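Numbering (this note's numbering), first residue to last: 4 to 223.
This is the structure we're talking about:
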């Protein structure tokens, strides 16, 4: 078996990922326990779960300022297949880069505060918790997105989704580390919540500015 296949497999499988997608929202700790029993997640699986989970939620967001709507509107103004292909390639690169940066920021931020607890989880454990939490939060996040879009309260929905993700990270991390102290977990998650909220606001603002310039005609 090729090295890449061994790394991707490492005890995890698409079937198990599908089961965690469907059942994980109600049993996040059980999903984390299964992953630990399978030997953990490789970095490829962590990235796959985080990127796919984030992408699915973004694709459902059909508000006027959503990346998908902005992209669709801009594609409609182009008159050649080459220009459309170049736009899609540029947008995909920008999107994946932003999601990858978000994965690192959330992982490192949570790890920095979780290290203050007695269990002192490794960065790898935190990355696994972040990836799984993002994945099991997909269906609830999709539901919240659709509900709050129907109510024209997209911002409130995004805030709820953000804190839902943090709650799932806390559940997965507590299962992985055996963190029993509610006070310690509260400190770790409160600290990471504050920092990540600020970082997320900055990231969204930056991404929004880049998209505005991108769709204003700076892109080819």
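Cβ atoms here follow ideal geometry from the backbone N, Cα and C, with glycine treated the same way.
As the structure is a computational prediction, the values presented were derived from the model and not from experiment.
With fewer than 16 other CB atoms across the displayed protein chains lying within 10 angstroms of its CB, residue 88 is exposed. For residue 106 against residue 53, the beta-carbon gap comes to about 5 Å, under 8 Å, which counts as contact. DSSP places residue 177 in the uninterrupted alpha helix (DSSP H) bounded by 157–180. Rounded to whole angstroms, residue 83 and residue 149 show a C-alpha spacing of 33 Å.
Distance between residue 162 and residue 137, taken at the CA atoms: about 15 Å. Residue 172 places its beta carbon less than 9 Å from that of residue 133. With respect to the 9 Å criterion, residue 157 and residue 64 are classified as neighbours on the basis of their beta carbons.
The residue from 61, 75, 50, 42 with its alpha-carbon nearest to that of residue 146 is 61. One alpha carbon belongs to residue 141, the other to residue 86, and they sit about 32 Å apart. Less than 9 Å divides the Cβ of residue 31 from the Cβ of residue 175.
In this chain, the alpha helix (DSSP H) harbouring residue 49 covers 46–63.
For residue 131, the closest alpha carbon among the candidates 48, 14, 40 is that of 48. In this structure, DSSP gives residue 37 a helical state, which the three-state scheme calls helix. In chain order, 74 place their CB closer than 7 Å to the CB of residue 94, counting only its own chain and leaving out the 5 sequence neighbours on each side. In this structure, residue 110 lies away from residue 91, with their beta-carbon atoms at least 9 Å apart. Look at residue 15 here: in three-state DSSP terms it is coil, with no helix or strand label. Assignment of residue 125 by DSSP, reduced to helix, strand and coil, places it in the coil class.
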